[in-house]
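Here the working numbering is used: position 122 in the sequence shown is 114, and no number is missing along the way.
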Amino acid sequence: MNSKISKVWLGFAIYLIGYFAIMILFKDQSLAWLELEAFSLIISIAMLIRHRLPSKRGIILSLSVTMLYGLARIYSFNFFVIIQMFIMLMAALACCSVFEKYKDNALIFIRNDKRSDIVISILIGVAAGIVMAFINYLLMKGSNTRTEPDYLKAFINALSPATMEEIALRSTFYAFCLDAAKGSFTNKAEKFTSWFMMIVPHIIPHILFDISLGIEGIIQWIIIMILYILVFGLLFAILQRKRDIASAMIVHGIVDFIRFVLFGVPGL
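What follows is the structure, encoded as structure tokens:
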């Protein structure tokens, strides 16, 4: 294995072992999400120790997205949300720090080279978000009951996955790969690793693994994993890398906003 990215795969292996242990012992997806957030926090702190804090602009951006995440959790605000805001802040700071150091392969938060770039990112996000929301509705309608819509609550809560999942649980893992590769993906193994880490770790907690089903459960888990990668994960990663992080955030937010409008906000 390429020595530069071996630590990335070692970290993923530890995370995956932890996930299966949680599923086998507790069958609790919330713990799987907590594990992924802990993984994000650990690599974020490691990158900040290595590269220090970003510029003033990066700090302001990090505080802004953290406050946005805090707003998203206003209906369920508690001490644990404060911890998650800290995770969000560390992740955003780490991303900004790494991307400022390795500008050539950095993700862009929002394109603004030309006056029309921001508008284009928004339009791409809205268009892709509506399409993906419709696909998500088709996948969910058979196993979920429609609820009375609460548009404000749905909008505010949709900010949570749009911020936490796209930055702390996707961009951060790309930054981790970029840092490990010292700013440049020079071979296929490094390029594959960077795409893999943007997509797969975030998808894993979405899926319940049931060891009691034996081989059937393993096959089912793999099929659902592939479906999530092709339908959702790949698009978000492509948007972040080929356009900007903001467009992916908009898509993710619209998908969950429409889901929350139709089927309610989980836990509320």
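Positions of the beta carbon are idealized from the N, C-alpha and C atoms, including for glycine.
{"Asked": "Measure the alpha-carbon distance for Ile51 versus Thr58 and round it to whole angstroms.", "Found": "11 Å"}
{"Asked": "Nearest to Glu29 by CA position, among Tyr94, Ile16, Glu158 and Lys93, is which residue?", "Found": "Glu158"}
{"Asked": "Taking only the alpha-carbon atoms, compute the straight-line gap between Leu170 and Ser135 and give it to the nearest angstrom.", "Found": "39 Å"}
{"Asked": "With DSSP collapsed to three states, give me the class of Ile102.", "Found": "coil"}
{"Asked": "Count the C-beta pairs between the stretch 191 to 209 and the stretch 114 to 122 that are closer than 8 Å, then say yes if the count reaches three, no if not.", "Found": "no"}
{"Asked": "Determine the extent of the alpha helix (DSSP H) in which Arg251 is found, giving its start and end residues.", "Found": "Ile237 to Phe255"}
{"Asked": "Any contact between the stretch 219 to 231 and the stretch 31 to 39? By contact I mean 3 or more CB pairs, one from each, below 8 Å.", "Found": "no"}
{"Asked": "Quick one: is Leu81 buried, meaning 16 or more other Cβ sit within 10 Å of its Cβ, or exposed?", "Found": "buried"}
{"Asked": "State the Cα-Cα distance for the pair Val253 and Ser186, rounded to the nearest angstrom.", "Found": "34 Å"}
{"Asked": "To the nearest angstrom, how far is it from the Cα of Val0 to the Cα of Met189?", "Found": "8 Å"}
{"Asked": "What's the call for Tyr166, buried or exposed, on a 16-neighbour Cβ count within 10 Å?", "Found": "buried"}
{"Asked": "Using only CA atoms, which one of Ile207, Ala240 and Phe201 lies nearest to Gly121?", "Found": "Ala240"}
{"Asked": "Measuring straight from C-alpha to C-alpha, what distance separates Ile127 and Ile6?", "Found": "33 Å"}
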